Each structure stands twice: as C-alpha cells, then as structure tokens.
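Enquirer:
Residue numbers (the UniProt record's numbering): 1 to 268.
#1: Kindly confirm or deny that the segment 229-240 and the segment 101-120 touch, where touching means at least three C-beta pairs closer than 8 Å.
#2: Which full runs of the alpha helix (DSSP H) of 4+ residues lie inside the UniProt domain "TonB C-terminal" (106-216), going along the chain?
#3: Could you work out which residue in 124, 57 and 52 is closest to residue 262 when comparing CA atoms only?
#4: Let me make sure I understand the geometry here. Which of 168, 143, 72 and 43 has the alpha-carbon closest to that of residue 127?
#5: In this structure, does DSSP put residue 242 in helix, strand or coil?
#6: Of the choices 71, 83 and 137, whose alpha-carbon is the least far from that of residue 243?
#7: The alpha helix (DSSP H) that contains residue 53, what's its start and end?
#8: Quick check: what's the CA-CA separation for residue 249 versus residue 176?
#9: Please look up how many angstroms separate the CB atoms of residue 131 and residue 90, rounded, as I've assumed it's under 8 Å.
#10: With a floor of 3 residues, list each beta strand (DSSP E) that falls wholly inside the segment 71-101, ordered by position along the chain.
#11: Could you say which of 251, 185, 190 and 162 lies nearest to residue 201 if we only look at CA atoms?
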C-alpha cells in the first residue's frame, strides 16, 4: 500500500539554498567577460569563485542595440543549491537565475507599487515555527487594482511530515492571497506596456520571524510544486524559476526582457 511520508523521508528532500545578486558583463559574442557579486565578503568561502567559474561557461544571445551586437552589463539574481553527498561534503549547483534589471526601466514604462499591506502570519505556522515564501502571480487591471491572484509556488524553510507541510503551504498561500486582494499599483503610462488591457506581475511574499533575511547564508529549502495559471501563460526565460526573485521584488511579465541564456545554468 501507499505510505505517508514522515519527516525522515522528507528530510532527504531538504536542501540548502542561497539567493545572491550581482552584475555580469556580456561580450558582443554572448560570452561572459566579468562577474561581480554583491557583498561578496558576506558569501561563504569558495562561493564567489565557484559562481565566477560557472558564469564563464555561460553563453547568451548577443544583445543587439540598434541592430548591432554590443557589450553590456546586466544585473543577475541567482539561487544556489547545496545537497549533502553523504561524505560530509556538499554538492553545490546553480538552480535558477534571472538576468536583466527591471528597476532600471523608466517607472512610466512599468508597473510600480502603490500600496502593498503585508499579510498576517498564520497562527498555526507561528506556533509550529514554520517559515516560507509564497510566490504570487497577480493580474493587474487598467486602474492598478488586483483583478486576479494565484500562488504559483510556496517554498518552506523547515521540515515536517508531507501532510503538515501541505497544510503550511496552504495557510501561507491563503494569507498572501487575502492580503494581495487589497494591493494597488501604478500602471505604466507610456511605452508598449501602457497599451495592454492588463498586466501580469510576480511578487514574492516572505513569512519569516526576522525582519530581513541574512544575505549570503545557507537556509533550509523545501520547494513546493509549481502551479500553472491560465491567465499567465508566458513562457519562462531559460534558467528562470519564481524563487529566483529577491524578497520585496516585483517583476512584470512580458514586454522587454533581459539577456537570453543559451547554455545550461550549471555550465555542463
């Protein structure tokens, strides 16, 4: 018969995870010339050199400006995974990455936040010490109000039985969705995006006992299943995953995107 997964079985799925940001310079042929990581002194030993080494193997579609390939600097946000190999060591890999600087787009050409009241922390999750992040997809109407909202993915940073983790994911998702219903945004007023009948944006909502999560530290990572949402069928950029978005970030889907990666993230 089928067995319910208890914490022991789930613990095997637990991985360490770390989100970091930085800048890369892409040459005219799409290869990476330089990698600069933000706050590299706060990253664990060896991580900066590992990321730099992996990044040198990446190849991007050459970035064209006025029809000519140009060397460009672009922002990068990436998530590392560390899996125990059983001999006291960890195998580190790049799980997902996002390239391009949404905030650099003029504010008139993108969605920006007006009022985002944070959700309440579910009581059962507080009592159990559960923490996690809900990655919301929001459909924003022409007036800047939320017309639809869905939890695309819920990641936990702790281990419990499958049933308990499902419950925590549901509670976190419900709290985030309830709060998002009253959020308001400033729609774009010029450029291509301003003509759209609605906009789809991604917003991560963090449930944590600290006000800010420490940068450059490993934390527990139990990713939840990713849901497909009918009104947000934009194809992912290569290497993208919702959980590559930094806390407090906001990203509009469609429109102008960052450089396109052509090779595998892990450089293999």
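We treat Cβ as the ideally placed atom computed from N, Cα and C, and that holds for glycine.
Since the model is a prediction, treat every value here as computed from it, not as a measurement.
Expert: According to the structure data:
#1: no
#2: 123-128 and 162-180
#3: Against the chain shown, residue 262 aligns to sequence position 262. Cα-wise, what sits closest to residue 262 is 57.
#4: Along the chain shown, read from residue 1 onward, the residue named residue 127 stands at position 127. When only C-alpha atoms are compared, the closest one is 168.
#5: Here residue 242 corresponds to residue number 242 of the chain shown, with the count starting at 1. DSSP places residue 242 in helix when its eight states are reduced to three.
#6: Position 243 of the chain shown, counting from 1, holds the residue named residue 243. Among 71, 83 and 137, the Cα nearest to that of residue 243 belongs to 137.
#7: Walking along the chain shown from the start, residue 53 turns up at place 53. 47-55 is the extent of the alpha helix (DSSP H) around residue 53.
#8: For this step, residue 249 is matched to residue 249 along the chain shown. For this step, residue 176 is matched to residue 176 along the chain shown. Residue 249 and residue 176: Cα-Cα distance of roughly 15 Å.
#9: Walking along the chain shown from the start, residue 131 turns up at place 131. Walking along the chain shown from the start, residue 90 turns up at place 90. With 8 Å as the limit, residue 131 and residue 90 do not qualify as a contact, their Cβ atoms being about 21 Å apart.
#10: 72-84 and 90-99
#11: As a first step, residue 201 is located in the chain shown; it is residue number 201 there, counting from the start. With distances taken between Cα atoms, residue 201 lies closest to 251.
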